[in-house]
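Have a look at the structure below, then the notes.
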Amino acid sequence: MDEARMARRGVGPRLWLAGGWLLLALLAAILAPLIAPQDPLAQDLMLERLPPFWLDGAEPGYWLGTDSLGRDLLSRLIFAGRIAFIVAFAAAIAACLVGSALGLIAGYFGGWADRIISRIVDIWMAFPPVLFAILLVAVLGTGLSSVIIAIAVIDWTRFCRVIRAEAMGQSRMDYVENARIAGYGRIGIMLREVLPNVVPSIVALLSLDMGIAVIVEAILSFVNLSISTDDPTWGGIIAEGRLSIHQAWWVLVFPLITLILTVLSFSQFGEALKARFDPVLR
Amino acid sequence: MSACLDIRSLSAVLPNGQRVLRSVSLSVQPGEVRALVGESGAGKTMIGKAVLGVLPSSVRIVEGDMLLEGEDLGRLAPKARRTLIGARTALIPQDPLTALNPSRRIGPQITDRLVRILGWSGERADKRIRQLLDAVQIRDPERVLKCYPHELSGGMRQRVLIAAAFAAEPRLIVADEPTTALDVTVQKQILRLIAQLQRDHGTAILFVTHDLGVVAKISQKVSVLYAGKVVEEAATADLFTAPQHPYSRALMAATPRYTDPLASLKPVDDAVLAGLAAEIAAADQAWRRPHG
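Taken in sequence, the protein lines are chains P and H. Here the first sequence is numbered in this note's numbering, starting from 406 and rising by one per residue. Here the second sequence is numbered in this note's numbering, starting from 7 and rising by one per residue.
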C-alpha cells in the first residue's frame, strides 16, 4: 500500500497508538502476578494514602501511591485490567456472534425474518441499557459470568442493527443477483457473497463494543454489582476513589485515565482496522 | 427445433394491481440476437429479470409461460428451475461496477461458479477462463485474475463479466444495457466483443437497450416495448427501413444525427403518445375482463 495515502488518512499513527496502548494494557494484565510491584490486596494502614512518586511523601515501590487502606494503586490497576479484558473479549464476542448472525439474516432474507428480528431489536433497545444490565446482574447474581452475560445481552442489538443495514445494502448489489442467477443457494450467497463484505464493519464494531463492555463493567463495579468485592476492578477503584477525592485524588484519577485510554483505544483501533480490512478503501 | 427462449403472453403486476408487463410474447431462436428496445420504465429489464428468475419480490407474474429450450420454467420446482437457469443462461449486467463482489479476487470469483455449480474440475475451469479472457482481449490475465474488482477500470470489469458470462457455454445470455455505464469509446469495443463472442459460440442473446444504433449493429430481430407492451416486432432490417407502428416511427425519427444533432433530437409526438395510451387502455380493458 501507498504510504503517503495511508498517512493522509491518519490510519498509521491511529492504529499504532491505539494498538500500542491496548497491547501494553493487555500484556500487563496477563503478566500481572509477575510485574505488579505489590500484592494488590495487601493492606497496610501505615502506608495509607501515599501520593504518586513525584510528590513529597511518596514511598519507593508504590509508583502511583496507595488508597485509604494502604493498597498499592498501580498493582490494583494492573490486576483490575485482567477482569476488564476478560469481560471485554468474552462479552463483545458473544454479543457479536448473536447480533451479527441475526443482523445478517434479517438484512439478507428480509421479509418475515427481518420483521421479526427488527421488532425484537426495537423492543430490546427501548430498555435503558445500563439499568437493564444492573437488573440482569441483580437477577443472575454477581460474578464474572453474570457480568459477561448481562453485557452480551444488552449489546447484541448494536451489532444486529448495523449489520442488518449493511447486509441489506449489499444484498441489493448486482453481484448478489448474479450469484442467484448462477444458481447458488441463498444461504451460500449470504455466507460467501454478503458476509465478507460486512466483515470490516463487524471488526470495527467488535472493537468498539469491547470498549463499551469495559465501560459497562466499570459501571457495574461502580455500583458494586460486578464480581466479588475482593478482586479489584477499575469501576470499583473509581468508586473507592470518589470517597477520598479530597484526601487522595490519585485514587480516582489514575483508574479514570486508564479507563478512558482503554475505551478510546478500542474504538480507534476498530476504525483503523476497518480501513485496513476494507478492500475498496484500501 | 424449439426456440431457445419462448415467452408467451407474460403479464406481471405490482402489489397495487398495476400491470408492468402486458401480455408480452417474444421468442429468441438459437444463436439469434433479439433486441428489446424501449424507453426507461418500459419494462425491458423486467423481462430480463423474469427470465432469469430474479424479479423483485413485489412484482408478481399473473399469467403467461416462459419456456427455456422447451422447458416450462413455471412448471419446474424452484430448485430445478434455479439449476436450469444457472446452467443454461447468463447475464451481462448493466453496471460492471456493482456486478462483481468487491471483497473477492477476480479469479476465484469467476471460476467458482464453473466448479461449484457446474461441477467442472478446477483445472478445466481455469483453462476455460483464460481462453475467454484472451477472447475479450485482456492482455495480462495473470494480473487481472489476482486483482480485486476495484483495481480494474469499468471497461476491464465489463470484459471480465463478458468472459464470465460466456465461460459456461450458456444457450441464452441476457445482456441488460451492457454498454450504458461505460465510456463512449469503450462502448464500441465492448459491443464488438459481445458480437464476436456471440458469433463464435452461437449463443442466443436477449439484448436489452434503448440505443437504436446498438440495435442496428448487433441484432437480427427487434421487439419494441412501450409501457410493458410489445408494440412492434420485426426483423431489424425491416424495422429500420419500414417501421410499422407509429411509436417505432417516432423512435426512429428521434434518433439524433451527426449532421444536425439539435434539429433531429425531437421528442415523441403527442398524437403518437395519445394513440399509445389508448392502445394500452384498450389492452388492459380486454385483459381485465377474463381476469376480474
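Virtual Cβ for every residue (Gly too), placed ideally from N, Cα, C. Nothing here was measured: the structure is a model prediction, and the numbers come from that model.
What number of angstroms, rounded off, separates the C-alpha of residue i from the C-alpha of residue j?
{"i": "Leu549/P", "j": "Gln448/P", "result": "24 angstroms"}
{"i": "Leu199/H", "j": "Gly113/H", "result": "20 angstroms"}
{"i": "Arg28/H", "j": "Val19/H", "result": "9 angstroms"}
{"i": "Leu478/P", "j": "Pro456/P", "result": "10 angstroms"}
{"i": "Leu431/P", "j": "Phe627/P", "result": "22 angstroms"}
{"i": "Met578/P", "j": "Ala187/H", "result": "15 angstroms"}
{"i": "Val214/H", "j": "Leu97/H", "result": "11 angstroms"}
{"i": "Val692/P", "j": "Gly425/P", "result": "Only positions 406 to 687 of chain P appear in this structure, which leaves residue 692/P out of reach."}
{"i": "Glu238/H", "j": "Asp244/H", "result": "11 angstroms"}
{"i": "Ala609/P", "j": "Ile488/P", "result": "22 angstroms"}
{"i": "Val503/P", "j": "Cys565/P", "result": "8 angstroms"}
{"i": "His156/H", "j": "Arg111/H", "result": "10 angstroms"}
{"i": "Ala131/H", "j": "Ala86/H", "result": "23 angstroms"}
{"i": "Trp655/P", "j": "Trp468/P", "result": "11 angstroms"}
{"i": "Asp206/H", "j": "Ser109/H", "result": "32 angstroms"}
{"i": "Ile525/P", "j": "Asp519/P", "result": "10 angstroms"}
{"i": "Ala412/P", "j": "Val30/H", "result": "Only weak support exists for where Ala412/P lies, its pLDDT of 46 falling under 50; the coordinates are left without a value."}
{"i": "Thr209/H", "j": "Ala173/H", "result": "11 angstroms"}
{"i": "Ala171/H", "j": "Pro605/P", "result": "29 angstroms"}
Buried or exposed: where does residue i fall if 16 or more other Cβ atoms within 10 Å of its Cβ makes it buried?
{"i": "Gly675/P", "result": "buried"}
{"i": "Ala48/H", "result": "buried"}
{"i": "Leu282/H", "result": "buried"}
{"i": "Asp189/H", "result": "exposed"}
{"i": "Thr242/H", "result": "buried"}
{"i": "Ser159/H", "result": "exposed"}
{"i": "Ala277/H", "result": "exposed"}
{"i": "Ser15/H", "result": "exposed"}
{"i": "Arg149/H", "result": "exposed"}
{"i": "Gly462/P", "result": "exposed"}
{"i": "Met451/P", "result": "exposed"}
{"i": "Glu175/H", "result": "exposed"}
{"i": "Ile568/P", "result": "buried"}
{"i": "Pro21/H", "result": "exposed"}
{"i": "Leu611/P", "result": "buried"}
{"i": "Leu428/P", "result": "exposed"}
{"i": "Ser576/P", "result": "buried"}
Quick one: what's got a C-beta closer than 6 angstroms to residue i's C-beta in the same chain, skipping five residues either side?
{"i": "Leu212/H", "result": "Val34, Arg40, Val180"}
{"i": "Ala321/H", "result": "Residue 321/H falls outside the range modelled here, since chain H spans only 7 to 298, and no answer is possible."}
{"i": "Met573/P", "result": "Gly512"}
By DSSP, does residue i sit in helix, in strand, or in coil?
{"i": "Ser63/H", "result": "coil"}
{"i": "Gly49/H", "result": "coil"}
{"i": "Lys272/H", "result": "coil"}
{"i": "Ala409/P", "result": "Low per-residue confidence applies at Ala409/P: pLDDT is 46, beneath 50, and the placement is therefore not dependable, though the value from the model is reported in the following sentence. In this structure, Ala409/P counts as helix in the three-state DSSP scheme."}
{"i": "Asp118/H", "result": "helix"}
{"i": "Gly580/P", "result": "According to the sequence provided, residue 580/P is Tyr. The question's Gly does not apply to it. Helix."}
{"i": "Ser229/H", "result": "strand"}
{"i": "Asp217/H", "result": "coil"}
{"i": "Glu571/P", "result": "helix"}
{"i": "Ser31/H", "result": "strand"}
{"i": "Arg111/H", "result": "coil"}
{"i": "Ala497/P", "result": "helix"}
{"i": "Thr247/H", "result": "helix"}
{"i": "Ile179/H", "result": "strand"}
{"i": "Arg476/P", "result": "coil"}
{"i": "Arg145/H", "result": "coil"}
To which residues of the same chain is residue i closer than 7 angstroms at the C-beta, ignoring the five residues directly before and after it?
{"i": "Glu453/P", "result": "Thr471, Ser473, Leu474, Gly475"}
{"i": "Pro660/P", "result": "Leu482, Trp639, Ile642, Ile643, Gly646"}
{"i": "Gln193/H", "result": "Thr185"}
{"i": "Leu657/P", "result": "Ile643, Gly646, Arg647, Ile650"}
{"i": "Gly76/H", "result": "Ser8"}
{"i": "Gln105/H", "result": "Rather than Gln, the amino acid found at residue 105/H in this sequence is Ala. Answer for Ala105/H: Pro99, Leu167, listed in chain order."}
{"i": "Val221/H", "result": "Ala41, Val43, Thr215, Val228, Thr242"}
{"i": "Ala495/P", "result": "Ile553"}
{"i": "Ile617/P", "result": "Asp560"}
{"i": "Met530/P", "result": "Thr562"}
{"i": "Asp217/H", "result": "none"}
Can you list, in chain order, the residues of its chain with a C-beta nearer than 8 angstroms to that of residue i? Leave out the 5 residues immediately preceding and following it.
{"i": "Leu541/P", "result": "Ser551, Ile554, Ala555, Val558, Ile559"}
{"i": "Asp78/H", "result": "Asp71, Met72"}
{"i": "Ala623/P", "result": "Ala489, Thr638, Trp639, Gly640, Ile643, Leu664"}
{"i": "Tyr232/H", "result": "Gly44, Glu45, Ala48, Tyr253, Leu282, Ile286"}
Scan the stretch 563-587 of chain P for residues whose Cβ lies nearer than 7 angstroms to a Cβ of chain H and list them as they occur along the chain.
Only Met578, Asp579, Tyr580, Glu582, Asn583, Arg585, Ile586, Ala587 from the stretch 563-587 of chain P bring a Cβ to less than 7 angstroms from some Cβ of chain H.
Residues, ordered as in the chain, of the stretch 595-614 of chain P that lie near chain H by beta-carbon distance below 7 angstroms
From the stretch 595-614 of chain P, only Glu598, Pro601, Asn602 have a Cβ closer than 7 angstroms to chain H.
Looking at chain H, which residues of the stretch 491-513 of chain P have a Cβ within less than 7 angstroms of any of its Cβ atoms?
So the list is empty, because no residue satisfies the distance condition.
With 8 angstroms as the C-beta to C-beta threshold (strictly closer), list the residues of the stretch 79-95 of chain H near chain P in chain order.
Of all residues in the stretch 79-95 of chain H, those with a C-beta nearer than 8 angstroms to a C-beta of chain P are Arg88, Thr89, Ile91, Gly92, Ala93, Thr95, reading in chain order.
Listed in chain order, which residues of the stretch 161-186 of chain H have Cβ atoms closer than 9 angstroms to some Cβ of chain P?
Per Cβ criterion, the list reads Leu167, Ala170, Ala174, Val180.
Residues in the stretch 38-66 of chain H with C-beta within 9 angstroms of chain P's C-beta atoms, listed in sequence order?
So the list reads Lys55, Leu58, Gly59, Val60, Ser63, given in the order they occur along the chain.
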